[in-house]
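Working notes for the structure below.
Numbering (this note's numbering), first residue to last: 1 to 312.
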């Protein structure tokens, strides 16, 4: 009989879910002082510097440097999953609400499953198909409510957040192919480096609006870099090494719950019945989408599985 994950591993993944879910409400606050592209440039430049220190100081069991082809794939996946994704997310949160964002992001794992079906021709069992359909219905309810309550800008923000899910799915599939033989910290370092470079170039579009953020916004930017982009990943990877992937993914279903609570507490937003219903349907859909993976699984924990530094 397979032993369940230990308490520390569970607490680590729960803490990662808490950090990642808080990024939407925190980003919404920082957007008052800093443009969406500049937020990404500051956040991921700091994260890349921190990861560089970790890579350079971690001399024990360091894998061989990825070859040129792997590095190109890692850089491309980082640009897609960090620069493209976070541009869509930051602009989407700016136009929409943090609560909408946290609920829509719950559909991202299912978008990734669909892309994996096309790219790897993986088997798609009936529970997973039902989960995809339910999560799609839930996302429609969230987006439809946003259009009715917040008007055109909020509706556009919700659509951008959904497009961000497509970019995130592409990042996962490409990153999975490029991570062979590499540890998760090294993979994330190369991806974050490319994502930060892309954001630094994109942030030049906001050069005319640059100003020094206040103390609160500055501290929240550091929180985004340290807690959400580095700490969340390390916590998740710690737990993932000590449990099966299906257990870790189920724990991450707490992300939309924490995100909605954070939107209410930090930003004073309200959650309407249609949003609550949509969020509940999304969570049920995600659960159905992964439930078959937990049946009789004997797979070992994915020690070096690549995950996003934000993955919400």
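Ideal Cβ placement from N, Cα and C applies to all residues, glycine included. The structure presented is a predicted model; accordingly, all values stated were derived computationally and were not measured.
Asked, Found
"Sufficient close CB pairs (3 or more, under 8 Å) joining the region 203-222 to the region 30-43", "yes"
"Cβ distance (whole Å) where residue 88 is taken to contact residue 188 below 8 Å", "Not confirmed; about 20 Å, so no contact."
"Residue 23 versus residue 164 - alpha carbon distance", "15 Å"
"Close-in-space but distant-in-sequence residues of the same chain around residue 194 (CB under 6 Å, 5 per side omitted)", "75, 78 and 79"
"Candidates 27, 186 and 69: closest to residue 234 by CA position", "186"
"Residue 37 vs residue 92 beta-carbon contact at 8 Å", "no"
"Counted within 10 angstroms of its Cβ, other Cβ atoms place residue 270 as buried (16 or more) or exposed", "exposed"
"Whole-Å CB distance - residue 47 paired with residue 192, under 8 Å assumed", "5 Å"
"Nonlocal neighbours in the same chain, by C-beta distance under 7 Å from residue 231, ignoring five residues either side", "19"
"Whole-angstrom distance between residue 173 and residue 181, CA atom to CA atom", "16 Å"
"Of the listed residues 264, 274, 239 and 277, nearest to residue 29 (C-alpha basis)", "264"
"Spatial distance of residue 209 from residue 35 (CA atoms)", "8 Å"
"Cutoff 6 Å; reference residue 134; Cβ partners in own chain excluding five residues on either side", "281, 284 and 285"
"Residue 166 and residue 17 closer than 8 Å at C-beta", "no"
"Supposed contact pair residue 141 and residue 277 - C-beta distance, whole angstroms, cut 8 Å", "6 Å"
"Per-residue DSSP class, three states only, for residue 322", "In the structure as shown, the chain starts at 1 and stops at 312, and residue 322 therefore has no counterpart that could be examined."
"Presumed contact (8 Å Cβ cut-off) between residue 70 and residue 184, rounded CB distance", "So it is not a contact: roughly 14 Å between Cβ atoms."
"Reduced DSSP secondary structure (H/G/I, E/B, other) of residue 180", "coil"
"Cβ separation of residue 39 and residue 57, assumed to be a contact under 8 Å, to the nearest whole Å", "So it is not a contact: roughly 28 Å between Cβ atoms."
"Distance between residue 14 and residue 268 (C-alpha atoms, nearest Å)", "24 Å"
"7 Å Cβ shell around residue 33 - same chain, five flanking residues per side excluded", "213, 214 and 217"
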